[in-house]
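Q: Below is the structure I would like to discuss, written out as structure tokens.
2 protein chains.
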Amino acid sequence: MDEYTPAQVAEATGFSLDTLRYYEKEGLIGPVERTVGGRRRYRSSDLAWLDLIKCLRDTGMPIADLKRYSRLSEDDSTLAERFALLEAHDRVVQAEIDRLRERQHRLHEKMAWYREQLGG
Amino acid sequence: MDEYTPAQVAEATGFSLDTLRYYEKEGLIGPVERTVGGRRRYRSSDLAWLDLIKCLRDTGMPIADLKRYSRLSEDDSTLAERFALLEAHDRVVQAEIDRLRERQHRLHEKMAWYREQLGG
DNA sequence: CTGCAAGCTGGAGTGCGCTCCAGCTCAAGC
DNA sequence: GCTTGAGCTGGAGCGCACTCCAGCTTGCAG
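Chains A and B are the protein sequences, given in the same order.
Reminder that position 79 of the first sequence reads as 79 in this note's numbering, one-by-one numbering, no gaps.
Reminder that position 71 of the second sequence reads as 191 in this note's numbering, one-by-one numbering, no gaps.
So, in structure tokens, the structure goes:
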């Protein structure tokens, strides 16, 4: 019924319970609904948002930027700004991929040298 | 003449002076030669080694692994082990690249959504 | 009704990889 | 000889992103 316990969300998103609470405290996710007893009850919209957060975190976006993106998302008039933020992040990610591939090339050269020493 | 001051090495490798000293203290680089007055004098072999360290660090190899690789490099009979270490690292790097590309794909989808919202 | 797992809060602690600092020595130029 | 800047050491501090903990409350299972 579109309701999830913290444990289920942790399972689904890969974030730990502590991390979920930390993100909420930091404002990366808006205040999550609570049951009468005070327990968190997440909705599928929260899951979708957390999936995006995960994507951005996994690609190295710092918490501070995520916080900014999150604040912007509360205001409908900030679409362009949010888009610009993602665009900038995309460039960072692309640069990181390029850098890794370049370094990997060096690494392969070194490995070729070892192969030569070992068997060739 | 194959001798470099710390400042020159920092310039050449992109490591800070503090980082160079830290790496030496941690054993990532063997004790660097000293002048009579006690100042470090690096050789081009040190530069080559530091370049490799840089490549490995930039691709995310932790200091502890680098330490191990460095210790192994002192013993000629460990070629195979060192090769295995690099091979394992290469797999990690490849996985990281793949993961980044996958996430970037999601990011592009999100950006496409924004473009649609913004201008049609 | 009881037991026990799950969840709550605020705050302290952790791991990594540096980075900074004080107080000193050394060396090259004038 | 003096100044100035580069370098030295040991150790403290930092930023980030969690992670752990104590002490408590909640709520389902039997």
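For each residue, glycine too, the CB sits at the ideal point set by N, CA and C.
Relative to the C-alpha of residue 181(B), which residue among 137(B), 209(B), 171(B) and 197(B) is closest?
A: Numbered from its first residue, the second sequence carries residue 181(B) at position 61. Of all alpha-carbon atoms in 137(B), 209(B), 171(B) and 197(B), the one lying nearest the alpha-carbon of residue 181(B) is that of 209(B).
Q: Using a cut-off of 9 Å between C-beta atoms, extract the partners of residue 210(B) located in chain A.
A: Within the second sequence, numbered from 1, the residue matching residue 210(B) stands at position 90. Within 9 Å Cβ-Cβ: 104, 107, 108 and 111.
Q: Can you tell which of 200(B), 229(B) and 231(B) has its C-alpha closest to the C-alpha of residue 111(A)?
A: Within the first sequence, numbered from 1, the residue matching residue 111(A) stands at position 111. It is 200(B).
Q: If we ignore side chains and look at the alpha-carbon of each, how far apart do residue 73(A) and residue 170(B) end up?
A: Taking the first sequence and counting its residues from 1, the one referred to as residue 73(A) is at position 73. Taking the second sequence and counting its residues from 1, the one referred to as residue 170(B) is at position 50. Cα to Cα, the separation comes out at about 44 Å.
Q: So, does the CB of residue 36(A) fall closer than 8 Å to a CB anywhere in chain B?
A: What you label residue 36(A) is simply residue 36 of the first sequence in a count that begins at 1. Closer than 8 Å: no.
Q: Going by the beta-carbon positions, is the gap between residue 54(A) and residue 13(A) smaller than 8 Å?
A: Residue 54(A) sits at position 54 when you count from the first residue of the first sequence. Residue 13(A) sits at position 13 when you count from the first residue of the first sequence. Taking a C-beta distance under 8 Å as the contact criterion, residue 54(A) and residue 13(A) qualify as a contact pair.
Q: If the cut-off is 7 Å on Cβ atoms, which residues from the region 178-190 of chain B count as contacting chain A, listed in chain order?
A: 178 and 179
Q: Drop a sphere of 10 angstroms on the beta-carbon of residue 213(B), count the other beta-carbons inside from all chains shown, and report buried for 16 or more, exposed for fewer.
A: The residue you call residue 213(B) lines up with position 93 of the second sequence. Burial call: buried.
Q: How big is the Cα-Cα spacing for residue 207(B) and residue 97(A)?
A: The sequence position of residue 207(B) within the second sequence is 87, counting from 1. The sequence position of residue 97(A) within the first sequence is 97, counting from 1. The straight-line gap from Cα to Cα measures roughly 19 Å.
Q: Give the residues from the region 72-90 of chain A that approach chain B closer than 8 Å (Cβ to any Cβ), ordered along the chain.
A: Hits within the stretch, in order: 79, 80, 82, 83, 86, 87, 89 and 90.
Q: Should residue 8(A) go down as buried or exposed, given a rule of 16 or more other Cβ atoms within 10 Å for buried?
A: Taking the first residue of the first sequence as position 1, residue 8(A) is located at position 8. Around the C-beta of residue 8(A), fewer than 16 other C-beta atoms lie within 10 Å, and the residue is accordingly described as exposed.
Q: Which full runs of the alpha helix (DSSP H) of 4+ residues lie inside the region 161-212 of chain B, going along the chain?
A: 164-178 and 183-192
Q: Tell me the rounded alpha-carbon separation between residue 221(B) and residue 101(A).
A: Stepping through the second sequence from its first residue, residue 221(B) is reached at position 101. Stepping through the first sequence from its first residue, residue 101(A) is reached at position 101. One C-alpha to the other measures close to 12 Å.
Q: Answer with buried or exposed for residue 115(A), where buried requires no fewer than 16 other C-beta atoms within 10 angstroms of its C-beta.
A: Mapped onto the first sequence, residue 115(A) falls at position 115. Label assigned to residue 115(A): exposed.
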